[in-house]
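Remarks on the structure that follows.
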Amino acid sequence: MTVPVLFNRKLVRYHRDRAARHSQAVRGIVEACAERLLDRLDDIQRPFKDALEIGGRGVIAPVLQSRGMSVVSGDLSQRLVSLNKVTSVCMDEECFPFKAQSFDLVVASFNLHWVNDLPGALIQIKNILRPDGLFLAAIPILPTLSMLRDIMAEEELELSDRVFPRVSPFPDLRACATLMQRVGFALPVVDKEEVELVYRSAVGLMQDLRFSGETNALVEQKKTFSNRALIAHYFARLEEQGEFKMPLHFAILTGWAPDASQQQPLKPGQFSVSLEEMLTQ
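Here the working numbering = 1-based position in the sequence shown + 36.
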């Protein structure tokens, strides 16, 4: 089956390279998201020895190191991955360069939503995990940037005869859960987090998107610059009520590489006590 190519991966790399120069400008947002992601590790009693983190922007690797793990960092951008002071690999998330069963923990933070074949990437992650190894990821979901997407579409349709895609498509929570089950992770859990962001101006929002490497990388985007009148309309709509909220909604995915030691659901007929017996006791 041919995988649809939604994203220009060269453009994704360019955006992330550019973002590396402005990492401090959005560090507060990155840290808030990383804290919520890594909170999941606090609920797990077993130790982890060898960890791969991808997309962490120099924030996640030090936390994993402080917990006694040997950490390898990966990113599509050489400049972003160099922010980590651990063993670093410039890598493509669509083709992982690691042997099977190399890690017992893989943490992916806000990078997998730019992958064209996300199921394929998750299968590769499952394969590089050791049996009973943990996969932990944060992925933006709807309704993130929905207001921006709607405003851009409405204003462009009013001023021209065609609407170009300008905001990356995000999955919803249910799609993430279905994906984890489809890939075959054991004991999958998908839940939602939100970071509240408030902007005084549309310029501030656009700067944050640019400084975090999250601007448009869609293959079908408009190839020429938008006219100034259209941009002015975008900004006026966003700012018409003064300050505006643009919350970041994201899913946290948790799943385990299958292992015989894991708890298995009982099959029909395997219950030790029947429902009738329980009700009569």
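Ideal Cβ positions, reconstructed from N, Cα and C, are used throughout, including at glycine.
L112 carries a coil assignment under DSSP once its states are collapsed to helix, strand and coil. Beyond the five residues adjoining it in sequence on each side, D227 comes within less than 6 Å, by CB distance, of I288 in the same chain, given in chain order. L195 sits exposed, since fewer than 16 C-beta atoms from the chains shown fall within 10 Å of its C-beta. Of the residues assessed, R52 falls on the buried side of the cut-off, its CB having 16 or more other CB atoms within 10 angstroms. Comparing alpha-carbon positions, the option among N147, F286, I175 and V231 lying closest to V48 turns out to be N147. Within a 10 Å sphere around the beta-carbon of D79 sit fewer than 16 other beta-carbons, which makes this residue exposed.
Around L209, the same chain offers I177, V226, K228 and A287 as residues with beta carbons nearer than 7 Å, after the five sequence neighbours per side are excluded. With a beta-carbon spacing of about 5 Å, L73 and A174 fall inside the 8 Å limit used to define contacts. At a Cβ-Cβ threshold of 8 Å, I164 and A136 count as neighbours.
Under the DSSP definition of a beta bridge, W292 partners with L170 and A222.
With a contact defined as Cβ atoms closer than 8 Å, P283 and V239 miss out at about 19 Å. Looking from the CA of L266, the closest CA among L215, K258 and E192 belongs to E192. DSSP places F139 in the uninterrupted beta strand (DSSP E) bounded by F139 to S145. If you ignore the 5 residues before and after E275, its C-beta comes within less than 8 Å of the C-beta of S237 and A238, all in its own chain and listed in chain order. Assigned with DSSP and collapsed to three states, T123 falls in strand. The alpha-carbon separation between R54 and H149 amounts to approximately 18 Å. Beta-bridge annotation (DSSP): C131 is paired with D128. Sequence-distant partners of P201 (beyond 5 residues in either direction) whose C-beta falls short of 8 Å from its own C-beta, in its chain, are N252, L254, E256 and Q257.
Around E129, the same chain offers I90, L112, N147, L148, V151 and A157 as residues with beta carbons nearer than 7 Å, after the five sequence neighbours per side are excluded. For a cut-off of 8 Å, the C-beta gap from P294 to P167 is around 7 Å, short enough to register as a contact. Rounded to the nearest angstrom, the gap between the Cα atoms of D186 and R273 is 11 Å.
Between the alpha carbons of V108 and V203 lies a distance of about 31 Å. Apart from sequence neighbours up to five positions away, the residues of its chain that approach A61 with a beta-carbon distance below 7 Å are F247, ordered along the chain. At a Cβ-Cβ threshold of 8 Å, H269 and T180 do not count as neighbours.
Around the beta carbon of A296, a 10 Å sphere encloses fewer than 16 other beta carbons of the protein chains shown; the residue is thus reported as exposed. About 12 Å separates the Cβ atoms of I159 and V142, ruling out a contact at the 8 Å cut-off. DSSP places I80 outside both helix and strand once states are collapsed to three, so it counts as coil.
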